[in-house]
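Counting the sequence shown from 1 gives a position; my numbering is that position plus 35.
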Amino acid sequence: MTKGIGLLKEEVEKIFERSYRTDPAQNKYPPGTGIGLPIARSIVQAHMGRIFALPTDERGRTTFVIELPIK
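The structure is reproduced here in structure tokens:
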């Protein structure tokens, strides 16, 4: 499990946009590009699935869910 900075509810939908970084993430080292989640989304969608994030819980954890169809 990785510990991150957490997400606000209004940020959850934006994190899958290319190059989007939350305000605290912009100041973190090492710098990132904000491209990892958009790539993950495109791969999941190519397999007719969906990916989404649930808001950060009280412990600062965000849950990511990937759903893929059964063939």
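For each residue, glycine too, the CB sits at the ideal point set by N, CA and C.
According to DSSP, residues forming a beta bridge with V47: Beta-bridge pairing links V47 to no other residue.
Minimum Cβ-Cβ distance from F87 to chain C less than 8 Å: In summary, chain C is missing from the structure at hand, where a single protein chain is found.
State the beta-bridge partners of V100 as determined by DSSP. F87
Neighbourhood of P90 by C-beta, 6 Å cutoff - its chain only, sequence neighbours within 5 removed: K44, V47
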